[in-house]
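Protein sequences, first through last, are from chains A and B. The first sequence begins at 0 in numbering that gives the first Met the number 0 and counts up by one. The second sequence begins at 0 in numbering that gives the first Met the number 0 and counts up by one. No residue lacks a Cβ here, since even glycine has one placed at the ideal position from N, Cα and C. Model, not experiment: these values are computed from the prediction.
Protein chains: 2
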Amino acid sequence: MQSRPRIPEATVARLAVYLRVLSGLVDGGRGTVSSGELASAAGVNPAGLRKDLSHLGPCGTRGVGYEVATLRDRIAAVLGMETAHACVLVGIGNLGAALAGYGGFGTRGFEFVGLFDASPARVGQLIGGRPVRPMADLEDVVTSTGATIGVIATPAEVAQRVCDRLAAAGVRSILNFAPVTLTAPAGVDVRQVDLSVELQVLAFLDKQRDAVPGTAPAGELAGGMA
Amino acid sequence: MQSRPRIPEATVARLAVYLRVLSGLVDGGRGTVSSGELASAAGVNPAGLRKDLSHLGPCGTRGVGYEVATLRDRIAAVLGMETAHACVLVGIGNLGAALAGYGGFGTRGFEFVGLFDASPARVGQLIGGRPVRPMADLEDVVTSTGATIGVIATPAEVAQRVCDRLAAAGVRSILNFAPVTLTAPAGVDVRQVDLSVELQVLAFLDKQRDAVPGTAPAGELAGGMA
DNA sequence: GCCTGTGAACAGTTTCACAGCG
DNA sequence: CGCTGTGAAACTGTTCACAGGC
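In structure tokens form, the structure reads like this:
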């Protein structure tokens, strides 16, 4: 299959994981991998991995496996990593600073072209080599850099207002870490991430496990990101 | 349906979101809500919300809606929030500090009974009112507090070793924020959260949207947590 | 009349088994 | 003979429509 008939979202999330694993293998000087090995390193089922990769068209050699460098580049291309994505990050508290300083973004095609915080104490600080700017500069920076992605790591109370400003400034995709449900105009895609929900799911599964002693703990990871 | 025939995991994740919204409504002095209103505040489909709640047994009154305080307590009980969960958090960088200082955990039945970091510079600091301890104390604290949940917010290189130590010390559920796939012995449940995957999915959807102009941006949030 | 609760259709995702090529 | 690629089956989760109480 080509990339036309649309790749399932669940597959896209896993492709991002494969990309990370493959990058590690390339750095380790590895030439080829089998689906079984790659699946094990990514924590998924081998057959499922092959089905995921089938959405990119044939990219392995039968009896051998996949060439790691080629496969990595192919996935990177499909995920749109060949062109860097300009992002702005609003709210430089601990979480915002963690996101800004996380090396994983830069190496995967994301660049934070603007860090913003409402607190004068934060403005001017350097985070990951970039200065924190005042909120007043938000619209100008979005316009001048053409940033299409906005990340919100503010307190819940101001997240909706920040979302409105990002959308008005032309940002089309928003990732929200504040624990509120945001509404955005049509044409703007909002994704919600609440760090406490995973913990609650974990606690629920733990409780359920105690209640039903015969139940095995399922297995490995199940969460969305990786 | 009672809670016996098992509640779907997707439903559990959404119940956590409803719980947050309901807590806000209770604080606002609200008496009852309809499924439509609650669904809108949680960013989900009203029919889906009713189906989710049906797993707890009938808990609304027809023609009226749900009593917010009662429903909140019911969900809290099902999610196991009536008894506090003791957690240990390993890796007090920016992300770890953000998690430790996030008020949302404490009010939802989670208590960090131990914060750990390998860096001597971090040890002794107070985060969210609790001191950062040296890694050497990990096993003792897990044993003495009976912590059943461990959160890993360390660099990727040491995450597996931390996982091993947590599992050996008796932790049964692990939430991993490090970008590596962890393996744990049977009986230990590991959930993986990678902050960069959501960003990559967002970028992919954005790219796909440009490629197929007729496609609407879906709608609201889709991600797991909230 | 309004809103809940739910069975039934639907869509998406995972698993399986195996055909096909190197 | 090993490993990829893929259709078919099984499963899970979501959406819809409406029956049923208040």
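Note that the C-beta distance between V131 (chain B) and R121 (chain B) is below 7 Å. Close partners of G100 (chain A) in chain B (Cβ separation under 8 Å): N93. Residue pairing by DSSP places D188 (chain A) opposite A:S172 in a beta bridge. Secondary structure note for D205 (chain A): it is in no beta strand (DSSP E), and the uninterrupted alpha helix (DSSP H) holding it is L194 to A210.
Distances from the CA of S39 (chain A) to each of A:A168, A:Y17 and A:A12 were compared; the closest alpha carbon is that of A:Y17.
The residue from A:A146, A:C58 and A:I74 with its alpha-carbon nearest to that of D205 (chain B) is A:A146. For I74 (chain A), the uninterrupted alpha helix (DSSP H) run begins and ends at V67 to V77, by DSSP. Beta-bridge partners of D116 (chain B) (DSSP): B:P133.
Here V179 (chain B) has A155 and A158 as same chain residues with Cβ atoms under 6 Å from its own Cβ, once five neighbours each way along the sequence are excluded. Within the segment 144-157 of chain A, the residues whose Cβ lies closer than 8 Å to some Cβ of chain B are T147, I148 and V150, listed in chain order. Residue state for E138 (chain A) is assigned as helix, using DSSP reduced to three classes. Residue B:V87 holds the alpha-carbon nearest to the alpha-carbon of C162 (chain B) among B:G42, B:L55, B:G64 and B:V87. Going by DSSP, L88 (chain A) is part of the beta strand (DSSP E) stretching over H84 to V89.
Put simply, the CB of V131 (chain B) is far from chain A, with every gap to its CB atoms at 7 Å or more. Annotated as proximal: T153 (chain A) and G90 (chain A), with beta-carbon spacing under 7 Å. For V20 (chain A), the enclosing alpha helix (DSSP H) begins and ends at E8 to D26. For R29 (chain A), the closest of A:R71, A:N93 and A:E8 by C-alpha to C-alpha distance is A:R71.
Around the beta carbon of R160 (chain B), fewer than 16 other beta carbons lie within 10 angstroms, which makes this residue exposed.
Note on geometry: alpha-carbon atoms of A41 (chain A) and G35 (chain A) lie some 10 Å from one another. Listed by position along chain A, the residues whose Cβ is nearer than 8 Å to that of H54 (chain B) form an empty set, because the closest Cβ is around 12 Å away. Inter-residue distance for A117 (chain A) and M134 (chain A) is about 6 Å (C-alpha atoms, whole angstroms). Looking at the DSSP output, V32 (chain B) shares a beta bridge with B:Y65. Bounds of any alpha helix (DSSP H) do not take in G149 (chain B); it lies within the beta strand (DSSP E) bounded by I148 to I151. Beta-bridge pairing by DSSP links T60 (chain B) to B:G64. Ranking B:A9, B:I173 and B:V77 by CA distance to the CA of G56 (chain B) puts B:V77 first. When secondary structure is reduced to three states using DSSP, L55 (chain A) falls in the coil class, being assigned neither helix nor strand. Chain order gives no chain A residues near A76 (chain B), where near means a beta carbon separation below 7 Å; the closest approach is about 10 Å. Put simply, the backbone Cα of T69 (chain A) is about 16 Å away from that of D51 (chain A).
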